[in-house]
Structures are given as structure tokens and as C-alpha cells.
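Enquirer:
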Amino acid sequence: MKPEVIDKLRDIVGADGATDDAAELLVYECDALTLFKNSPDVVVFPADTEQVAAVVRLANEYGIPFLPRGAGTGLSGGALALEGGIIIELQQLNRILSVDAENRTAVVQPGVVNLHLSQAVAHLGLYYAPDPSSQVACSIGGNVAENAGGPHCLKYGMTTNHVLEVEAVAADGTVVRLGSKTGERIGYDMVGALVGSEGTFAIVTEITVRLLKKPQSVKTLLAAFRSVEDSSRAVSDVIAAGIVPAALEFVDRRTTEAVEASVYAAGYPLDAAASLLIEIDGFEVAVEDTQASIVDVCRRNNAFEVRLARSEAERARLWMGRKGAFGAMGRISPDMITMDAVIPRTRLPEVLTAIERLSEQHAMPVANVFHAGDGNLHPLILYDGRDADQVERIHALGEAIMEVCVGVGGALSGEHGIGVEKKDFMCMIFNDDDLAAMRRAKGVFNPDGLLNPGKVFPSRPSCSEVGPGVTRTAEAARRIDEYVRGAGEARA
Amino acid sequence: MIVDSRAVDRVLAPASAGELAEMMRSETGTIAPVGAGTELSLGNPLEPIDAAIDTRRLDRITEYVPADLTIHVESGVRLGQLAGALAEHGQMLPIDPWNGPEATIGGVVATNAQGPLRAVGTVRDWIIGMQVVDAGGRASKTGGRVVKNVSGYDLAKLYTGSLGSLAVISEISFKLRAAFAATASARLRPGGLAEAADVIREIRSGPLEPVSLVWAGPEDPFVAVRFGEHPRAVEWQLDRLPGEGWERFDAETESAVWDAVRDRYRALAEPVVRVAAPPSEARAVIERFRPESWLVHAANGTILMTAGVDAIARLRERHPTLVERAPREVRLQAGVFGLTGAEYDLMRRVKTAFDPEGRLNPGRHVDGERPA
Ligand SMILES: Cc1cc2nc3c(=O)[nH]c(=O)nc-3n(C[C@H](O)[C@H](O)[C@H](O)COP(=O)(O)OP(=O)(O)OC[C@H]3O[C@@H](n4cnc5c(N)ncnc54)[C@H](O)[C@@H]3O)c2cc1C
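If you read the sequences in order, they're chains R and Y. Positions in the first sequence are counted from 1; adding 8 to them yields this note's numbering. Positions in the second sequence are counted from 1; adding 1 to them yields this note's numbering.
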């Protein structure tokens with residue numbers, strides 16, 4: 009990058025507001041998907057919307073690629089500077105600008121850490137519902153970009169259901185306000201399009217979110233099962249009973265072992281093939297009943313232990329195991345890839361069995377800890393990054409797992425996004441016409457493609473060309489069929 | 002067929018998504034997609050139309066998996082038909098737009114139609130995927146068939162509420178919820194604006210979580226509230242309604258309340274606008290404008306009220322305001338959306354990107370008005 013660009017950036021953000029120091033840039037080589045790395049040429053730390061807009065205009069003037077970055081906890085490579093250029097780091101924009109308790113809304117800057125918002129409004133009896141497991145670190149701007157979810161989005165919806173209005177800097181540097189303070193959409197739902205656009209439409213600089221009243225009563229219980237099938241059936245039966253749990257999470261044996269050996273030890277039974285962490289919330293007068301129905305469903309599906317958290321401390325401990333599960337994997341494996349896929353929840357048993365078979369075939373251990381209530385799987389592939397052969401195999405295994413999920417009518421991602429990680433899998437689900445419609449939307453916001461290039465869309469020009477991630481071939485269809493049927497038979 | 006006072010000679014009625022795409026491919030003129038025809042004058046006045054696409058024969062529920070809480074339906078399926086199928090399995094799609102059971106689901110989505118259940122969200126919150134056909138006859142899909150999905154851009158959000166200006170919707174996938182275990186309602190006849198506003202503020206700030214909360218006036222004013230939950234939670238909430246004089250209705254009798262609310266909506270004197278004001282400001286807006294009639298979704302703040310061209314301009318100084326139901330002249334003079342600046346420009350670009358020749362419902366959306 010030309011030195012004059014760095015100088016001009018410093019004119020905008022101040023001498024301390026930019027760095028191109030090689031050692032400092034190391035931090036910005038990747039997000040939490042560490043398998044892919046590339047260094048930006050420079051990172052800037054703007055202090056307000058105007059500075060963001062000025063940086064964007066400068067990037068346009070010189071034709072330099074640029075992209076926003078929040079806390080860098082993304083798991084699909086969204087904040088990876090694939091073509092170098094400028095990373096616009098938003099952590100300085102970390103103020104909660106206002107809280108309107110009566111209307112239950114808050115206006116925040118994008119760098120506000122997710123959990124901090126809930127903490128800041130707790131004394132008002134309010135909270136911010138989307139709660140990704142990374143909520144102690146991730147930013148609300150990043151959540152908006154990825155349409156982040158979390159355990160409680162089963163009942164309360166994803167980020168997109170909680171964003172009312174945004175201010176954003178468009179890819180050409182124009183500052184625009186979209187949406188309204190009540191969530192009423194007048195004209196096209198531009199906020200809806202922007203949420204989940206993975207930092208490729210615009211840079212969000214201010215967000216008005218909806219806050220919810222804290223529920224009167226919360227009950228958390230853990231149910232342990234000797235077989236994965238029993239636990240999966242319990243999940244289906246809870247839903248079939250008309251219960252909408254606040255959260256319904258699944259933890260398998262491998263994960264339990266890792267968690268129990270770590271600082272996140274939560275007392276999950278080590279002899280369980282699978283445990284469910286179930287939370288219900290609502291009115292005091294109703295939750296007792298609901299809880300009894302859930303215990304009943306679990307027992308009928310052969311749960312050998314159902315444990316109710318009796319205090320806030322016990323509840324926090326049960327959740328610590330779940331929320332710390334990804335971190336705990338470090339105990340049993342040097343590296344890990346967190347996959348993300350969604351399947352119809354009725355297909356859980358066969359898909360989990362298929363994943364187990366694939367894991368054996370590829371000789372790579374896979375742990376499962378995920379949002380069972382909405383069928384959002386997170387297979388964790390455990391590997392050793394120092395072993396080139398293993399790294400090679402991850403891709404094949406990852407692709408095979410995605411094929412199984414897609415094969416039963418699932419989706420490529422439930423919350424982590426496509427980014428670079430899954431862009432070549434897009435053809436598993438979408439055809440050229442589907443992608444053309446998506447390109448139209450991107451063209452509205454980011455016509456020159458300078459903002460966050462190389463994301464979301466497959467690298468090859470057409471899905472009808474043969475290449476990785478094309479499941480439409482007869483061969484792939486046969487393979488999927490085999491996995492799924494094989495899994496079914498293995499169960500029978 | 003008459004669409005927004007435009008006579009349309011040619012009416013095409015495809016019976017499948019494939020047929021729809023084929024018909025669209027052979028059309029070269031302007032096209033108006035039409036459902037049951039319950040909301041055809043929403044939006045800016047239409048320009049001349051060469052052909053209408055009647056979606057009512059696209060009336061199949063293509064797949065319903067109760068255990069997955071998902072349903073996939075063609076766009077011509079009627080709301081009543083859909084609700085009936087879901088009720089058999091104790092499930093529901095929690096929307097109850099004013100236009101009622103005859104409306105097609107495609108029409109409801111295209112107009113982002115709402116009703117008293119506005120308090121628990123709008124139809125956009127329940128859509129998980131969509132299939133559409135663009136003006137050139139090219140079919141495409143967005144989203145998927147599972148309840149949670151961030152694969153690719155969420156174009157369904159753009160199509161929802163787009164008034165048929167971007168593409169014709171052929172199929173929609175929804176996530177569902179269990180039907181309310183129990184419901185009950187209550188109605189209060191407040192003494193004045195202050196009493197109504199106070200009661201609403203107390204309901205909103207306390208522990209109550211109504212699924213509908215509506216305030217109507219000025220003639221024969223009332224506040225109506227509905228709870229939908231576990232039976233004991235419904236009782237508990239009813240017992241804690243603030244103030245005196247609530248008339249209670251159980252699940253058997255509550256339809257009287259909500260039928261009356263629906264009648265009130267239909268009786269709103271034109272021009273009717275939809276004002277996006279925070280709930281706490283509803284009273285101030287009503288006091289300032291003294292509308293001839295109003296109906297407030299008091300839980301989230303949307304105000305439906307009578308307002309003329311001057312009032313619309315003044316409303317827009319403070320709150321985004323949509324002209325919801327109005328004679329042609331008012332829509333022309335005020336502009337239906339009243340958007341400005343960069344937001345307007347971006348929306349114009351959306352229309353151009355998805356319908357470059359301006360053939361789908363021309364004039365109806367932002368393409369029909371200048372920036373305010
Ligand atoms: C241990 C762990 C657990 C996780 N659990 C969950 C979970 O339960 N649910 C879930 O959904 N995710 C989860 N994630 C993924 C991740 O935390 C989320 O995707 C989060 O939303 C990313 O936020 P961030 O601030 O770190 O964004 P970053 O990683 O910095 O960026 C993510 C994307 O957002 C863009 N972006 C950032 N800020 C802005 C902005 N202001 N405007 C526009 N675009 C912007 C970036 O360009 C990039 O494309 C988890 C991650 C980890 C490491």
C-alpha cells in the first residue's frame with residue numbers, strides 16, 4: 009500500500025488510530041476461524057461515524073479493499089482480509105448511547121460487547137435476548153453482521169428479530185439511517201437485508217435494539233441419557249408437547265469428558281451418551297407445570313438422571329459447561345474446527361449417527377454440542393494443526409458432514425455465516441439463479457465490491473461447473489443416501 | 002379485473018410455480034401480481050398494467066411437518082386454509098391481519114399485513130424461506146426449509162412488504178409455534194385519553210405480556226387486551242390488569258372483542274396512515290392531531306389513524322409514516338412512504354436491481370414517489 013494512503017488515514021483517525029506494524033497486524037490475520045489467514049495492510053481504529061465514512065471514502069478513492077471488524081470472534085472468516093487492504097476495527101465505538109426503559113429499546117454503538125448491554129440494563133429488569141455463546145467477547149456490530157443466535161433464540165429469535173433501526177456507512181461512504189425506532193418497516197425492509205449480510209453490505213455504526221423484560225421465573229434442568237436416540241426423541245417430544253423451552257441444548261459424551269476435565273466442569277454425568285440442558289422461563293404460576301411435563305417427557309425417553317438447578321449458582325454452573333464447551337476442547341485436542349449446520353430436528357438421530365460414521369471413516373474425532381431445539385448442529389472436528397495430513401482431511405470430512413446435513417433438507421449455517429469457510433459449499437443449496445438474486449442485493453449496497461471482497465459467493469463463476477461443494481451430481485446424491493440410510497440401519 | 006382502479010384485460014392464473022415462471026417469461030409488458038384482492042390499493046397509485054397474475058390457483062400446502070414446526074405453502078393458499086391445517090396439530094402462525102381468512106398468504110407477506118397480534122411480531126419473524134419468480138421469469142429461492150438459517154443473504158426480508166414490486170412470490174416456508182394453551186381477553190372503556198394512556202403504560206411496564214393490546218377512539222373509546230399462554234398464566238395476568246372496570250372475556254366469548262376491533266379498523270376514516278411512534282408517544286400524537294378515528298397497537302407503538310395531507314407532512318417531521326389506505330389523490334400528493342435522502346436512494350436501487358425494466362407493479366413502491 010502506498011505510504012501516502014497511510015498518511016491520509018492518519019489524518020482521519022489520528023496518529024494512534026492506525027497501525028501497519030507487522031507485529032501488531034498479526035492479531036488481524038484471522039478471526040476465530042484460524043485455518044485461514046491473510047494480513048491486512050493496515051488497521052484503523054475510528055472513533056466515530058464520520059471517521060468511518062472518511063476512511064471508506066478514501067478507500068474508494070484509491071480502490072483499496074476494506075472491511076469492518078468487531079471482536080474477531082467470527083467462525084466463518086468474515087473478518088479475514090482476504091485481499092489485504094484496510095481493516096476498520098470498531099472496538100472504539102463501544103458506548104451504549106441511550107436506554108429507553110419505557111419503550112424498551114437501547115441505542116448502541118457497534119463495538120459494544122453483547123453481554124455488556126444486558127448487564128447495563130439489568131437494573132431496569134430488562135435484557136438483550138440474542139446470547140451467542142461468545143457473548144462475553146463478541147460485539148453487537150458483529151452480531152448484526154452475522155445475524156447471531158444463541159441458546160435462547162429457540163424461543164426469542166435471532167439478532168434480526170431484535171434490531172429496529174441502524175445507522176450505517178454504505179460501501180461508497182454515504183451515511184444512511186434505516187428502519188424505525190418501533191421496528192415498523194416503511195418501504196423495503198433494508199434492516200432485514202442488512203442483518204446477516206456478513207459485513208459485505210455496509211458498516212453498521214449505530215444500532216437500536218429491542219430489549220425484553222426479564223422473565224419472572226427461570227428453571228434449568230439437566231437430563232442425562234444412555235443413548236443419543238433417546239435424547240433426540242426427548243427433544244422431539246418436548247416440542248410435540250407444545251412446550252417452547254427458552255433453550256434446549258445437547259452435549260455428547262466426548263464434550264462432557266472435555267468439559268468435566270476443564271475449569272468449566274459443570275457436573276455433567278460422565279456415563280451419559282448425551283445430556284440435554286433444558287431451560288424454561290415465564291410466569292411463576294406456569295413454569296412449575298411446564299417443568300413437570302419436561303421431566304415426564306425425559307423420563308419416558310429413559311433419562312437415567314434429571315437434575316434441576318436449585319439455585320442461581322447451580323443454574324450458572326450448568327450453563328458454564330455448555331458455554332465453556334468450545335474452550336474446554338483445548339483439554340483434549342490442540343486445534344478444533346467448529347462447524348455449523350441446521351437440520352430438521354426430526355432427523356437428529358440419523359444425522360448424528362452418520363456424523364459418527366464419517367468421523368470414523370476419516371479417522372478424525374468429532375464432538376457434538378449444539379442447539380438441539382432448533383436442530384442447529386455444531387460438530388467440532390478435533391485435530392492437530394501441526395499435522396499437515398490432518399489439516400488436509402478436515403476439509404474432506406467437513407464437506408462430507410455438510411453433504412449429509414444438506415441431504416436431509418438442512419442448511420449450511422444456522423448462525424456462524426458463510427464467510428470464506430463455506431462459500432464453496434453454497435452450490436450445495438443454491439443454483440446460479442439463486443445466487444444471481446443475492447448478487448443483485450449486494451450490488452445495491454456494495455456495487456464495486458471493495459467492501460469485504462471474496463466472501464459468501466463461491467469462488468468459481470458458476471455452480472453448474474464441477475468442483476467442491478456440488479452435491480447435485482448423481483454420485484454425491486448416492487453417497488448422501490448411503491450415509492443417511494446406513495445411519496438409519498445402524499440404528500435399527 | 003380492476004387493480005387499484007386500473008382495468009386489466011389479461012388475467013393469468015398459473016396452477017404451479019413452473020407455470021408461473023413460464024407465463025412470466027412470455028410476458029413483455031407490465032405485470033401486477035394479485036392474490037385474493039383484499040389489499041389492492043396499498044402503495045402508490047399503479048401505472049397502467051398489461052397483465053395480472055392471479056395466484057389463487059397456487060393453493061397447495063406442499064409440505065407440513067408438525068414435528069419440525071415447519072410448513073411450506075404456495076402463495077395462493079388462504080390464511081383460513083392454513084390456520085385450519087395448523088389447528089389440527091395444535092399449532093399456529095401467530096398473525097391475524099385485518100383482511101381476514103380469505104386473504105392469500107402471498108398477499109399477506111407482500112403487504113406485510115398485520116393485525117392485533119402485532120404485539121408478538123409480524124409475518125417477517127416467521128418466514129424461513131421463499132421461492133420467487135422475477136419479471137423475466139427466472140425462478141430463485143432464498144433461505145431454506147429449517148427453522149434457523151443464515152446461509153446466504155436474507156432476501157425474504159426484502160420481498161416481505163415489497164408490494165409485489167420485486168418478484169412474484171410462489172412459495173413460502175414458515176416456522177410455526179404451538180397454539181396458545183389458553184387465551185382470554187379484557188376490555189376497558191377509559192374515561193379519557195389520560196386514563197387510557199396510563200393504563201397502557203402500566204400494562205407495558207409491569208410483568209404482563211399481552212399478545213394483543215389495542216386502543217381505539219375517539220368515539221366509543223376502548224382498550225382491549227388479550228393474553229395467550231398457559232391457563233394459569235392467563236388468569237394471573239388478567240387478575241393484575243391495572244385500574245378498574247375491565248370487562249372480561251374467556252376463550253369462548255373473546256371473539257366479540259376482536260371482531261369489534263376488526264370492524265373498528267375497517268371503519269377508520271380515510272385517509273388512514275400508519276405512524277411508527279414509540280409506545281410512550283401515542284397519547285401525545287393523538288392529542289396533537291386529534292384524528293377523526295384511531296387504533297393503536299399499543300404494545301409496540303404503531304398508530305393507525307386518520308390524517309390528511311397536511312397532517313401527514315407534520316407527522317413525518319417526527320415519525321416515519323406510511324399512508325395505509327387513502328384515495329388516489331392523497332397518495333399522489335403525500336407519497337405513500339415519505340422516505341428521504343440516502344434511505345430513499347438505496348430503496349430506489351433495490352427496485353432497479355430486482356426489476357430493471359420496471360415491469361412489476363410499476364409506480365406502486367418507491368418508484369412511484371419522489372423523495373420527500
Ligand atoms: C467460542 C465461540 C462461541 C460462539 N458461539 C456463537 C453462538 O452461540 N451463536 C452465534 O451466532 N455465533 C457464535 N460464535 C460466532 C461469533 O461470536 C459471532 O459470529 C459474532 O456475531 C461475531 O461478532 P464479532 O464482534 O466477533 O465479529 P467479527 O468476527 O469481528 O466480525 C464478524 C463479521 O461481521 C462483520 N462486522 C463486524 N462489525 C461490523 C459492523 N459494525 N458492521 C458491519 N459488519 C461488521 C465483519 O466484517 C465480519 O464479516 C461463537 C464464536 C466463538 C469463538
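Note that CB positions come from ideal geometry on N, CA and C, so glycine has one too. Because the structure is a prediction, the values reported are computed rather than measured.
What separation, rounded to the nearest whole angstrom, lies between the Cα atoms of Y/Q82 and Y/P102?
Expert: Translated into the one-based positions of the second sequence, residue 82 of chain Y becomes position 81. Translated into the one-based positions of the second sequence, residue 102 of chain Y becomes position 101. If you take the alpha carbons of Y/Q82 and Y/P102, they lie about 8 Å apart.
Enquirer: By the 8 Å beta-carbon criterion, what residues does the region 291 to 302 of chain Y contribute toward chain R?
Expert: Within the region 291 to 302 of chain Y, the residues whose Cβ lies closer than 8 Å to some Cβ of chain R are N301 and G302, listed in chain order.
Enquirer: Measuring straight from C-alpha to C-alpha, what distance separates Y/R233 and R/S341?
Expert: The residue you call residue 233 of chain Y lines up with position 232 of the second sequence. The residue you call residue 341 of chain R lines up with position 333 of the first sequence. The straight-line gap from Cα to Cα measures roughly 49 Å.
Enquirer: Just the C-alpha distance for R/A61 and R/A156, rounded to the nearest angstrom, thanks.
Expert: Locating residue 61 of chain R in the first sequence gives position 53, where the first residue counts as 1. Locating residue 156 of chain R in the first sequence gives position 148, where the first residue counts as 1. Taking the straight line from one Cα to the other gives about 25 Å.
Enquirer: Nearest to Y/K176 by alpha carbon, out of Y/M93, Y/R371, Y/N362 and Y/R284?
Expert: The sequence position of residue 176 of chain Y within the second sequence is 175, counting from 1. The candidate whose alpha carbon is nearest that of Y/K176 is Y/M93.
Enquirer: Suppose you measure from the CA of Y/D346 to the CA of R/D108; what does that come to, to the nearest Å?
Expert: Taking the second sequence and counting its residues from 1, the one referred to as residue 346 of chain Y is at position 345. Taking the first sequence and counting its residues from 1, the one referred to as residue 108 of chain R is at position 100. Going from the Cα of Y/D346 to the Cα of R/D108 covers about 30 Å.
Enquirer: For the putative contact between R/E97 and R/R65, defined by C-beta atoms under 8 Å, what is the C-beta separation to the nearest angstrom?
Expert: Counting from one through the first sequence, the residue named residue 97 of chain R turns up at place 89. Counting from one through the first sequence, the residue named residue 65 of chain R turns up at place 57. Rounded, the Cβ-Cβ distance is 18 Å, inconsistent with contact.
Enquirer: Given R/I104, which residues of its chain have a CB within under 7 Å of its CB, disregarding the five upstream and five downstream residues?
Expert: Start at 1 with the first residue of the first sequence, and residue 104 of chain R comes out as number 96. Excluding sequence neighbours, R/I104 sits near A114, V116, V120, L125 and A128.
Enquirer: Is R/I94 helix, strand or coil by DSSP?
Expert: Within the first sequence, numbered from 1, the residue matching residue 94 of chain R stands at position 86. DSSP places R/I94 in strand when its eight states are reduced to three.
Enquirer: One question on the structure: do R/D343 and R/G393 come within less than 7 Å of each other, judged by their Cβ atoms?
Expert: As a position in the first sequence, residue 343 of chain R is number 335, starting the count at 1. As a position in the first sequence, residue 393 of chain R is number 385, starting the count at 1. Contact flag set, yes.
Enquirer: Confirm, please, whether the CB-CB distance from Y/A278 to Y/I313 is below 7 Å.
Expert: In the second sequence, residue 313 of chain Y corresponds to position 312, counting from 1. In the second sequence, residue 278 of chain Y corresponds to position 277, counting from 1. Against a cut-off of 7 Å, the Cβ pair of Y/A278 and Y/I313 comes out as no contact.
Enquirer: Among R/C471, R/A449 and R/V243, which residue has its Cα nearest to the Cα of Y/M348?
Expert: To locate residue 348 of chain Y, count along the second sequence from 1; it is residue 347. Per the Cα distances, R/A449.
Enquirer: Is it right to say R/I215 is buried, meaning 16 or more other beta carbons lie within 10 angstroms of its own, or is it exposed?
Expert: As a first step, residue 215 of chain R is located in the first sequence; it is residue number 207 there, counting from the start. Buried, by the Cβ-count rule.
Enquirer: What residues in the region 321 to 343 of chain Y bring their beta carbon closer than 8 Å to a beta carbon of chain R?
Expert: Listed in sequence order: P321, T322, L323, F338, G339, L340, G342 and A343.
Enquirer: Tell me, to the nearest whole angstrom, how far the beta carbon of Y/G107 is from that of Y/G145; I am working on the premise that it is less than 8 Å.
Expert: As a working mapping, residue 107 of chain Y is identified with position 106 in the second sequence. As a working mapping, residue 145 of chain Y is identified with position 144 in the second sequence. With a Cβ gap of about 19 Å, Y/G107 and Y/G145 do not count as contacting.
Enquirer: At a cut-off of 6 Å, would you count R/N151 as near ligand 1, judging by its Cβ distance to the nearest heavy atom?
Expert: Within the first sequence, the letter at position 143 stands for residue 151 of chain R. For ligand 1, at least one heavy atom lies less than 6 Å from the Cβ of R/N151.
Enquirer: Chain R partners of Y/M348, CB-CB under 8 Å?
Expert: Here the question's residue 348 of chain Y lines up with position 347 in the second sequence. The answer, in chain order, is G195, Y196 and M198.
Enquirer: Which residues in chain Y sit within 8 Å of R/N169, going by Cβ to Cβ distance?
Expert: Position 161 of the first sequence, counted from the first residue, corresponds to residue 169 of chain R. In chain order: G122 and D126.
Enquirer: Under 7 Å, do Y/A52 and Y/L13 count as touching if we go by C-beta distance?
Expert: In the second sequence, counting from the first residue as 1, residue 52 of chain Y sits at position 51. In the second sequence, counting from the first residue as 1, residue 13 of chain Y sits at position 12. Against a cut-off of 7 Å, the Cβ pair of Y/L13 and Y/A52 comes out as a contact.
Enquirer: Secondary structure at R/V478, three-state DSSP: helix, strand or coil?
Expert: As a first step, residue 478 of chain R must be located in the first sequence, where it is residue number 470. Confidence in R/V478 is poor, its pLDDT being 47 and thus under 50, which makes the residue's placement too unreliable to answer from.
Enquirer: Any heavy atom of ligand 3 inside 6 Å of the beta-carbon of R/E257?
Expert: Annotation note on ligand 3: not contained in the displayed structure, which lists ligand 1 as its ligands.
Enquirer: Our contact map puts Y/G84 next to R/G250 with C-beta atoms below 8 Å; I'd like the distance itself, whole angstroms only.
Expert: Numbered from 1 along the second sequence, position 83 holds the residue referred to as residue 84 of chain Y. Numbered from 1 along the first sequence, position 242 holds the residue referred to as residue 250 of chain R. Note that residue 84 of chain Y is Ala in the sequence shown, not Gly. Contact flag wrong, Cβ pair sits at about 16 Å.
Enquirer: At a CB-CB cut-off below 8 Å, which residues of chain Y make contact with R/P352?
Expert: In the first sequence, counting from the first residue as 1, residue 352 of chain R sits at position 344. The contacting residues are V66, D69, T71, R146 and V147.
Enquirer: If you count every other CB in all the chains shown that lies within 10 Å of the CB of Y/S213, and 16 or more means buried, which is it?
Expert: Taking the first residue of the second sequence as position 1, residue 213 of chain Y is located at position 212. When all chains shown are included, Y/S213 counts as buried.
Enquirer: Would you mind listing the beta strand (DSSP E) stretches within the region 314 to 359 of chain R that are 3+ residues and don't spill past its ends, in chain order?
Expert: 343 to 346, all fully within the region 314 to 359 of chain R.
Enquirer: Does the distance from the CB of Y/N100 to the CB of Y/T39 come in under 7 Å?
Expert: In the second sequence, counting from the first residue as 1, residue 100 of chain Y sits at position 99. In the second sequence, counting from the first residue as 1, residue 39 of chain Y sits at position 38. In this structure, Y/T39 lies closer than 7 Å to Y/N100 by Cβ.
Enquirer: What are the residues in the region 189 to 207 of chain Y lying within 8 Å of chain R by C-beta distance?
Expert: Listed by position along the chain: R202, R205 and S206.
Enquirer: Name, going along the chain, the residues of the region 147 to 178 of chain Y whose beta-carbon falls closer than 7 Å to a beta-carbon of chain R.
Expert: Those residues of the region 147 to 178 of chain Y that come within reach of chain R (Cβ to Cβ, closer than 7 Å) are V147, V148, K149, N150, V151, S152, G153, Y154, D155, L156, K158, L159, T161, G162, S163 and R178.
Enquirer: Take R/T27 and list the residues in its own chain whose beta-carbon comes closer than 6 Å to its own, dropping the five residues that flank it on each side.
Expert: Position 19 of the first sequence holds residue 27 of chain R. Closer than 6 Å at the Cβ level, and outside the excluded window around R/T27, lie V51.
Enquirer: Taking 7 Å as the cut-off, decide whether the C-beta atoms of Y/V9 and Y/L41 are in contact.
Expert: Position 8 of the second sequence holds residue 9 of chain Y. Position 40 of the second sequence holds residue 41 of chain Y. Contact flag unset, no.
Enquirer: Go ahead and label R/H386 buried or exposed: buried means 16 or more other beta carbons lie within 10 angstroms of its beta carbon, across all protein chains shown.
Expert: As a working note, residue 386 of chain R is residue 378 in the first sequence. Buried: at least 16 other Cβ atoms inside 10 Å.
Enquirer: Taking Y/S206 as the reference, which of Y/D311, Y/P280, Y/F355 and Y/A33 has the closest Cα?
Expert: Numbered from 1 along the second sequence, position 205 holds the residue referred to as residue 206 of chain Y. Selected option, being the one with the closest Cα: Y/P280.
Enquirer: R/R480: buried (16+ other C-beta within 10 angstroms of its C-beta) or exposed?
Expert: Within the first sequence, the letter at position 472 stands for residue 480 of chain R. With a pLDDT of only 44 at R/R480, under the threshold of 50, the placement of this residue in the model should not be trusted, and no figure is reported.
Enquirer: Report whether the distance from the Cβ of R/A87 to the nearest heavy atom of ligand 1 is below 6 Å.
Expert: What you label residue 87 of chain R is simply residue 79 of the first sequence in a count that begins at 1. Flag set: Cβ of R/A87 near ligand 1.
Enquirer: Who are the near neighbours of R/L220 in its chain, counting only those whose CB is closer than 8 Å to its CB and skipping five residues on each side?
Expert: For the purposes of this step, residue 220 of chain R is taken as the residue at position 212 of the first sequence. Correct list, in chain order: R112, L134, Y135, Y136, A137 and Y164.
Enquirer: For R/V212, verify whether its CB is less than 6 Å away from any heavy atom of ligand 1.
Expert: In the first sequence, residue 212 of chain R corresponds to position 204, counting from 1. It does: the Cβ of R/V212 is within 6 Å (strictly closer) of some heavy atom of ligand 1.
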